[in-house]
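Reviewing the structure listed below.
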Amino acid sequence: MKIIFAILLAFSFFISYSQVWEQTKGPNGGDIRCLALNSSEHIFAGTQGGGVFLSTDNGATWTAVNNGLTSTDVWALIVTSDDQVFAGTYGGGIFHSVDNGMSWTQVNNGLTNLFVTTFTINSSGHIFAGTALEGGGVYRSTDNGNSWTLVMNGLTNTYIYDLTINSSDELFAGTWGSGVFKSTDNGDTWTAINNGLTGLFVVSLAIDSNGYIFAGTDFGEGIYRSTDNGDNWTILPLDSINNVYAIVFDSAGNTFAGTYGDGIFTSSDNGDSWSPVDSGLTSTYVLSMVTNSNNDVFAGTYFGGGVFRSTDSGDFWTPSNIGLVATEVRALAVNSSDDIFAGTYGSGVFRSTDGGDAWVKINYGLPAAYISSLAINAIGDIFVGADFVDGYGGVFRSMDNGLTWVDLNDGVITTDVRALAINSQGHIFAGTYLGGGVYRSTDNGENWTQINNGLTCPYIWAFAINSNDDLFAGSFGCNVGVFRSTDNGDNWIPVNNGMTVPEVTALAINSNDDIFSGAYYGGGMFRSTDNGDNWMQINNGLTNTNPQAITVDSGNQVFVGTSGGVFRSTDNGDNWTIMNDGLTVLDVRSMAVSPAGYVLAGTAGGGVFLSSLPTAVEANFSSDILLEQNYPNPFNATTTIRYHLPTQSHVSLKVFDILGRERAVLVNDIESPGTKTVEFDATQIGTGVYFCKLQTGEHTETKRMTVVR
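Residue numbers (the working numbering): 1146 to 1854.
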């Protein structure tokens, strides 16, 4: 190993370092808004919150390609004949890539509506972009996206959900509420063409090789076909009451229709008859589809399902999500063995036993997929709170580390469970939304009792329990804030004095029993130091005041996850510092601290991120020993490790793999006081997670490192 030492003798300055987040390798999946192919049949997937992913191996693996893509809600993708890529985002406008997605440039000149929902391109290379919301419509670029012009003459609806073009370069626009419009002059003028089209909320359009136009509609109005270029429409017998968001064709003459809740249907007779083709399709909410020259079909699904692939005309589907980390993680929990549990919104629960390097879906016996809360009791039983979707929700329990689950609702809990908490007696509290209030179980979830006496708002989003087992419930939707119970939930009283924005989305308590409350709608953070009787707003440095998650570590550092990233306070909330370095998805929905000393952030569109607990100390150091996080991390070949010794000490600095095997001895010697740096050369070890351990006498510190190739 190559080791370089440097002693820094100046101790009068303040030392700090950038806290780097690392995206873990899961959970895989995400909400796939759009799919597109280039000439090499590489697949681009636009996700909600996770940006763009690229697969160069027919969907087997994916890589995020978001350099320069500052808006990551990607609703539309199109690839030009020379493989330039345009991404339409919901709120950030249009981005352009000339290098297969490796880098992006924003191209919004003339684009006054930045909510882009669809693209099409004509034979001259003119690009058309459809936008939504008031003031939108269709924009045209005749100079490869450098500038855009609104082309709305005759187009009476500005909510454009799909665009397509036929072989004669005639344009068709599907609108939200006004049906289909056609332009025969490159978008200069438009005419409504709705004869026979009774479903006017058109969300998908496609044209097959015969020139037949298919229109998928919202609100269960089905799918329509026109055989005369849009002059007349006929409704087709699709056996689905749900929206048709995607229509594609393969070269064998099959038509595929993706629905929002009923999966995928196929027709081999131009839509005259349809058959469901859902085998293996575990997510039936289909938003996008694409086919390649081999007639492989790819389906992009919602609610975390990710991408599915069929190589047999839809007879069987397999998930194709390796590397596609775009899930929404609404709940996190870590057990005493440092196993991480992530509750996703749409794909159930995932577990990682190696610090996030690998994730396994653990849903056997868990029919509920929309997870909002997690809790683990003293003996390691895991409890899941889920929203009721497709008939499943409530509370579930696993007593074998997530291998199997049992339903604990017994007909009592029938509404969304947004919060779970367990007190020192092992009593479990479930906070429900949509009117259920609070439920309590004193027998590990076998039976439940509704306990709402004094609880004037039954919409509970958060719990916290102090050292006396006083229970605090945060409500959202009634403008009444926090409730407290000092008798195990039998009675509740509101405790909101000073809470000027009483819409509570998160609660946490530190070791001093100070309570931290996150208030949405710009309320930010509030703190109570007297058991909830009085609250003080504490937003100094908190530049995003929409908290969504709070966690506190053993040293009483407070971490707040917001819609704009993570903030940290080391002074009990008096001041906040943003810590978003490496956090590529800023919408943080859940947080946790692991026993090993890592902060976890669950995001909406980026899965789980992990960071070692940040440290900042004055350089006189008093008697503190400090092992800083290596930088860079993750790293490829070499990384720098820095540590401080207040006195002469025998130092052992070693690297271990995730199985606890010693892989390198960096230092084993007596060293003088000072700050040291060590360069670790990892070229002889493989990709993976490693741990750097510093030991000086009785003091031990460990930092997690990741080697990538």
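All residues carry an ideal CB built from backbone N, CA and C; glycine is no exception.
The structure displayed is predicted, hence computed values, not measured ones.
Across the structure, MET1670 and CYS1623 are spaced so that their CA atoms are roughly 18 Å apart. For LEU1565 and GLU1473, the gap between their C-alpha atoms comes out near 19 Å. Counting only runs of at least 3 residues, the segment 1242-1303 fully encloses the following beta strand (DSSP E) elements, listed from N- to C-terminal order: 1261-1266, 1272-1276 and 1283-1286.
For the pair ALA1575 and ILE1558, the CB atoms are nearer than the 8 Å cut-off. Around the beta carbon of SER1620, 16 or more other beta carbons lie within 10 angstroms, which makes this residue buried. Residue burial is scored here from C-beta neighbours: TYR1584 has at least 16 other C-beta atoms within 10 angstroms and is therefore classed as buried. If only complete runs of 3 or more residues are kept, the segment 1188-1216 shows the beta strand (DSSP E) at 1188-1192 and 1196-1200, in order along the chain. The beta carbon of TYR1390 sits closer than 8 Å to the beta carbons of VAL1348, SER1349, GLY1361, GLY1403, THR1404, TYR1405, VAL1431, LEU1432 and SER1433 from its chain, once the five residues preceding and following it are set aside; these are given in chain order. Taking a cut-off of 8 Å on C-beta distances, the segment 1501-1519 touches the segment 1532-1550, as three or more cross pairs fall below it. Its chain contains ASN1183 and SER1184 as the residues whose beta carbon lies nearer than 6 Å to that of ASP1228, once the 5 sequence neighbours on both sides are disregarded; these appear in chain order. Within the same chain, no Cβ atom closer than 8 Å to the Cβ of ASP1373 is found once the five residues on either side in sequence are excluded.
A contact between stretches requires three or more CB pairs, one per stretch, nearer than 8 Å, and the segment 1473-1483 fails this requirement with the segment 1237-1254.
At the C-beta level, ASP1614 and SER1569 come within 8 Å of one another. As a beta-bridge residue in DSSP terms, ASP1826 pairs with THR1783.
Collapsing the DSSP output to three states places GLU1591 in coil. Take ALA1782, set aside five residues on each side of it, and the residues of its chain with a beta-carbon closer than 8 Å to its own are ASP1826, ALA1827 and THR1828, in chain order.
In the same chain as LEU1222, and ignoring 5 residues on each side of it, the C-beta atoms closer than 6 Å to its own belong to CYS1179, ALA1181, PHE1189, GLY1191 and ALA1232, in chain order. For LEU1350, the enclosing beta strand (DSSP E) begins and ends at 1347-1352.
Here the C-alpha atom of ASN1676 lies approximately 22 Å from the C-alpha atom of TRP1721. Judged by DSSP secondary structure, LYS1799 falls within the beta strand (DSSP E) whose first and last residues are 1794-1802.
Distance from ASN1298 to TRP1335 at the Cβ level is roughly 7 Å; contact confirmed, criterion being Cβ atoms closer than 8 Å. Contact annotation: THR1645 and GLN1682 have beta-carbon atoms nearer than 8 Å. The continuous beta strand (DSSP E) containing VAL1529 extends over residues 1527-1534. In its chain, beyond the 5 residues on either side, PRO1512 and ALA1513 have a beta carbon closer than 6 Å to the beta carbon of TYR1537. Close CB contacts of LEU1600 within its chain, under the 6 Å cut and outside five residues either way in sequence, are with GLY1582, PHE1628 and TRP1637 (chain order). Rounded to the nearest whole angstrom, the CA to CA distance from LEU1342 to ALA1318 is 14 Å. Note on ASP1561: 16 or more other CB atoms within 10 angstroms of its CB, so buried under the neighbour-count rule. For the pair VAL1625 and PRO1639, the CB atoms are nearer than the 8 Å cut-off. In the DSSP assignment, ASP1307 falls within the unbroken beta strand (DSSP E) covering 1305-1310. Annotation: the continuous beta strand (DSSP E) that includes PRO1692 extends over 1692-1697. DSSP, read as helix, strand or coil, puts VAL1557 in coil. Residue pairing by DSSP places LEU1652 opposite SER1662 in a beta bridge. Setting aside the 5 residues that flank it on each side, SER1438 has no residue in the same chain whose C-beta is closer than 6 Å to its C-beta.
Spanning the alpha carbons of GLU1824 and ALA1209 requires a straight line of approximately 29 Å. MET1670: member of the beta strand (DSSP E) spanning 1669-1673, first to last residue.
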